[in-house]
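Sequential numbering of the sequence shown, starting at 13, is according to our numbering.
Note that CB positions come from ideal geometry on N, CA and C, so glycine has one too.
Notes for the one structure printed next.
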Amino acid sequence: MSGGRPFLGAGEEGPVRVALVGVPYDRTQSYRHGAAEGPRAVREASWSLETYSPGLGLDLCEVGLGDLGDLEVRELEPEAMVAEVERAVASLQPDTVPVLLGGDHTATVGALRGLHRHHPDLRLVTFDAHLDLRDEYEGDRWSHACAVRRAWEVLGDGCVALLGARSGTREEWAFAQEHCRWVHSALTVPETVLEELRAYPVYVSLDLDVLDPSSAPGVGNPEPGGLGFDDLVQALGLLRGLRTVGLDLVETSPPWDPSGLTPVVAAKLLREAILAFCGLAQAR
């Protein structure tokens, strides 16, 4: 692995309980490329923040966070990239929580495959403006527009919960209704869905375009009408009781935001997500 400055709060000593892995890859993006620069930019932006979250009363320095650098995947074909992510995640100790920093959304498939070896009853909760349920996009089954479809193939019917989605084809919406747990509002997840998820290990995937473009313009496929930052953090709070065994933050595309705001938003969101879930994960 390679990488520059580590993510905020990543220690150099002590046991690693939460392992951050960068996946600088954007060859499956369908519109605006640049997500390969996401891991570097988000790490750099994280140093403008504090390790402590006043909302959660928790500190990154206290969770056993380690930054393992970036996978060497930039020149790989998509399927080979997914296999490399799978290998990296599967090689971690079973009680270590992988945190992927992308890069485009297809990397999530590799993480799920790696975790599925240890957790055959794994569930996925994805926050994303797009359903990503196409079987193929312009002949490509590994497009990021197909990421959740490939994830469903790993996990099976009823094992994927979709939050924040507001874009997809007619066929994708029909597929979601039949095969997934689609939730209309990320802010009001039904208790029945939460109760079901509590019975299983869960992987949480955060596609930054779930936010409204006014909050995070630097993404590959901006979609108006999304959540505000505080809304998304509130939604994450609804999931704190879940048995989270992995998470990711993907689709930050720094070249499309000259102001540099989007990497800061992504870094703070990742801090909040790690702190919201890692304490519970460490107990397992």
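The C-alpha of P270 lies about 25 Å from the C-alpha of V245.
Take V231, set aside five residues on each side of it, and the residues of its chain with a beta-carbon closer than 6 Å to its own are L220, D221, E263, S265, in chain order.
Here W154 is not bridged, per DSSP, to any residue. Nearest to R55 by alpha-carbon distance, out of H131, V33, F19, is F19. C158 is classed as buried because its beta carbon has at least 16 other beta carbons within 10 Å across all chains shown.
In the DSSP assignment, G258 falls outside any alpha helix (DSSP H) and lies within the beta strand (DSSP E) extending over 255 to 262.
Between G258 and V201, the CB-CB gap reaches or exceeds 9 Å. Cβ-Cβ distances below 7 Å link A48 to P36, Y37, D38, R86, G115 in the same chain, with the five nearest sequence neighbours on each side left out; the list follows chain order. For D79, the enclosing beta strand (DSSP E) covers residues 77 to 82. As the crow flies, the alpha-carbon of Y64 is around 44 Å from that of E150. By the beta-carbon neighbour count (other beta carbons within 10 angstroms, threshold 16), G67 is exposed. A53 is not bridged by DSSP to any residue. Around the beta-carbon of R135, 16 or more other beta-carbon atoms lie within 10 Å, marking it buried. When the Cα atoms are used, A141 and W185 turn out to be separated by approximately 13 Å. Scanning the segment 170 to 233 for uninterrupted beta strand (DSSP E) segments of 3 residues or longer gives 172 to 175, 193 to 195, 213 to 219, listed from N- to C-terminal end.
Here the alpha carbon of G170 sits roughly 25 Å from the alpha carbon of I286.
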